[in-house]
Amino acid sequence: MVQVTFLPGKRTIDISEGSTIMEAAIAAGVPLESTCGGRGTCGKCKVQVDPTLVDPALDMGKFLSDSERKAGWVLACRYKVAEDLTVNLSESKDAHQRKTNLSQLEDIDLAPSIEKYELKLAKPTVHDQTPDWDRLMAALPSSKIHFNRLIAARLPQILHQSNFHVTAVVDGNTLLAVEPGDTTQNSHGFAIDIGTTTTVVYLVDLLQGKILDSDALTNPQRVFGADVISRITHAAKGPEQLQQLQTVVVEGLNTIISRLCKRNDLKQEEIYQAVVVGNTTMSHLFLGIDPTYLAPAPFIPVFRQSVQVKAAELGLNILKTGHVVVVPNVAGYVGADTVGVMIAAKVDQLPGYTLAVDIGTNGEIILAGGKRILTCSTAAGPAFEGAEIKYGMRAADGAIERVKITDDVELAVIGNAKPIGICGSGLIDAIAQMAETGIIHESGRIVNEPEDMDKLPPKIQERIRKAEGGFEFVLAWEKDTGLKEDVVLTQKDIRELQLAKGAILAGIKILMKEMGIGLEQLDRVLLAGAFGNYISKEAALRIGLFPDVPLEKIQAIGNAAGDGAKMILLSKEERKKAAVLAEHAEHLELSTRSDFQEEFIDALSFER
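Everything in the sequence shown is counted per my numbering, starting at 1 for the first residue and increasing by one.
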């Protein structure tokens, strides 16, 4: 065994000699960036070690510059540990508030399933020898509450210490807790959005219907790959790997829960319920359910319906007997998060025809109208989250988020820092500007012929250059970046974006064809999720991410999946509606549509 210490944080793990740094990081619970799941194809898992310990012959692909190699930078998935090792992680401050600040929750009729009853019970006497449990049950309005051994175990002490003045916490026909005294003025729950990239938790006052606080972190499963297929592939290796994926996401949630409770002076036992949304794969992994057969056709999930389990069963740090409710899924690749969007956007109640698009690591599309709700999921890939893009990154300090091209290039960078990469909104902006100014053809190819180059300003011409994998465009010169190199967009990067945007647009067109409507009948386009809220609508239309509708028809609706989770937490009626919507939705499996490929090819063009 050898010892690996990760800095900053000084987290140490003993691991078998010959293990990779990535395997050590996973075992230690240290988050590492790895969009390819450790296959050595993305180059994102850069870490720094003592340069004298690095074999110069070690294959690091084309991902490290000579200066980085000399400074001891290696790929965590390729460096095998032979002796005790200290590993320095490159820190990036993720802009999680970009997602947590997107709440657009409207007033709803409060009707949470959690109810509290203040009870002043008669004390037992020799003339009244009613058992404690029966005495408690007789004072409650429901006669259908089942016996709970864990609560009964402490009931005598609670009753006597509180002089038989207690508060019962009830969820439906389940007694969750018995608390000393009157605690009816305090009731809290969590709404949880487990995104493939970002996990968000909202602390909700169940009595007032208010969001008290929120927090987020990068989904720690990301070390196993940026997309759901990578994680399904890892889980399919066996029970141990499935357990790994469940454990890291629950531990991540518990980290957020601890922070929220500490900031708001709450005990974890005072959180009685959690409502969880996520795509179908995330729901399976959160519950520790094997998702193996979601990946191959016919994409079959283990379950679709809403699932309710005790928090203790999952290890989620709220009241142990509290309920964790996972919202129902629609299909293998249209999950509870999409149902959350339906709830928040009220797509079944809006007049006319509504298109709702939630673009994250996956792309889910809803088309509602004419008493129908159609859904589909597109294999857009994680390009919009920066994965598979050479200098792609999440929305974090140092990420280019806006690009303007005139006589030269102007950049807006998150955190006003020097650029170190580009996030999804910056990628859309950059390629839209490149298409508009003639840096790329309608086909997406970077121009290089003299007749095309002569039409461009001199400083723009200087930014187009030939590289090993084709032509590339320099967004930021080395002297202006936070790296020791230029930040560029490659021809491959543009192709990745084309594939992603083409899949989204093709999916939309298939749904409209199935619904039997034309562009002029589309009343609104709703953009859900952090990506949809931060992209430029003009840029998205310019590259053909959405149908060519008037700008005023496009509306950002915040983190609608998270808002849907809050509404379900606060209302039994919304919870019932979620089940109805999930059942009523008609899912279109695009892979079986003979016309999808035609629409997809047509949607690749950047033609205006």
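No residue lacks a Cβ here, since even glycine has one placed at the ideal position from N, Cα and C. Only a predicted model underlies this, so the values are computations on that prediction, with no experimental measurement involved.
- request: Quick one: grab the DSSP three-state call for ARG376.
  value: At residue 376 the sequence reads Cys, which differs from the Arg that was named. In this structure, CYS376 counts as strand in the three-state DSSP scheme.
Run of the beta strand (DSSP E) containing TYR272, from where it starts to where it stops: 271 to 278
message: Please tell me whether LEU319 and ALA177 are closer than 8 Å, where the distance is taken between their beta carbons.
response: Taking 8 Å as the cut-off, the Cβ atoms of LEU319 and ALA177 count as close.
message: Within 10 Å of its beta-carbon, does ALA25 have 16 or more other beta-carbons around it, so buried, or fewer, so exposed?
response: buried
- prompt: If you draw a straight line from the alpha carbon of GLU313 to that of SER19, how long is it in whole angstroms?
  reply: 32 Å
- prompt: Mind checking ALA467: buried by the 16 CB within 10 Å criterion, or exposed?
  reply: exposed
- prompt: Between the region 518 to 526 and the region 397 to 410, do three or more beta carbon pairs fall short of 8 Å?
  reply: Contact fails: fewer than three Cβ-Cβ distances are below 8 Å.
query: In angstroms, rounded to a whole number, what distance separates the CA positions of GLU573 and LEU140?
result: 23 Å
field: Under the three-state DSSP convention, the category ALA82 falls into
entry: Correct three-state label for ALA82: coil.
- prompt: In this structure, does DSSP put TYR534 in helix, strand or coil?
  reply: Three-state DSSP puts TYR534 in a helix.
field: Sub-8 Å separation of ALA235 and PRO291 beta-carbons
entry: Contact: yes.
field: Close beta carbons around VAL309, own chain, < 6 Å, minus the five adjacent residues each side
entry: VAL324
query: Thinking C-beta only, is VAL357 closer than 8 Å to VAL525?
result: yes
message: Residues in the same chain with beta-carbon distance under 7 Å from LEU489, minus the five sequence neighbours each way, listed in chain order, please.
response: Closer than 7 Å at Cβ, skipping near neighbours: ALA430, GLU472, PHE473, LEU475.
message: Counting C-beta neighbours from all protein chains within 10 Å, is the total for SER90 16 or more, i.e. buried, or is it exposed?
response: exposed
query: Helix, strand or coil: which one does DSSP assign to ILE389?
result: coil
- prompt: Expressed to the nearest angstrom, what Euclidean distance is found between the alpha-carbon atoms of GLY392 and PHE596?
  reply: Cα to Cα, the separation comes out at about 28 Å.
- prompt: Taking Cβ to Cβ, would you say ALA191 is nearer than 8 Å to LEU569?
  reply: Contact flag set, yes.
message: Let's test the definition: count the other Cβ atoms within 10 Å of the Cβ of MET1 and tell me whether it reaches 16, buried, or not, exposed.
response: exposed
- prompt: Could you check where the beta strand (DSSP E) with GLU401 kicks off and where it finishes?
  reply: 399 to 405
task: With a 10 Å radius around its C-beta and 16 neighbouring C-beta atoms as the bar for buried, classify GLU442 as buried or exposed.
output: By the neighbour-count rule (16 or more Cβ atoms within 10 Å), GLU442 is not buried but exposed.
query: If you scan the region 436 to 502 from start to end, which runs of the alpha helix (DSSP H) of 4 or more residues do you find wholly inside it?
result: 450 to 453, 458 to 463
- prompt: Distance, Cα to Cα, MET342 vs GLU449?
  reply: 48 Å
field: Cβ shell of LEU266 (< 7 Å), same chain only, five flanking positions each side left out
entry: HIS188
- request: Determine the burial state of GLU364: buried for a count of at least 16 other Cβ atoms within 10 Å of its Cβ, exposed for fewer.
  value: buried
- prompt: Does the distance from the CB of VAL276 to the CB of ILE194 come in under 8 Å?
  reply: yes
task: Pick out whichever of PRO51, VAL228, GLN208 has its Cα sitting closest to the Cα of GLY37.
output: VAL228
message: So for SER591, helix, strand or coil by DSSP?
response: helix
task: Mind reading off the beta-carbon distance from ILE508 to LEU355? Whole number of angstroms is fine, and I expect it under 8 Å.
output: 7 Å between Cβ atoms; contact.
message: Would you call the region 533 to 552 in contact with the region 325 to 332, where contact means no fewer than 3 C-beta pairs closer than 8 Å?
response: no
message: Using only CA atoms, which one of GLU552, GLY562, LYS404, ALA503 lies nearest to PHE600?
response: It is ALA503 whose Cα lies nearest to the Cα of PHE600.
message: Looking at HIS165: is its Cβ nearer than 8 Å to the Cβ of LYS120?
response: Less than 8 Å divides the Cβ of HIS165 from the Cβ of LYS120.
- request: May I have a chain-ordered list of the beta strand (DSSP E) segments no shorter than 3 residues that lie completely inside the region 337 to 370?
  value: 353 to 359, 363 to 369, all fully within the region 337 to 370.
query: What did DSSP end up calling ASP55 once you bin it into helix, strand or coil?
result: coil
- prompt: Is the CB-CB distance between ILE446 and ILE405 below 8 Å?
  reply: no
field: CA nearest to the CA of HIS584, picked from GLU436, ARG304, ALA311
entry: ARG304
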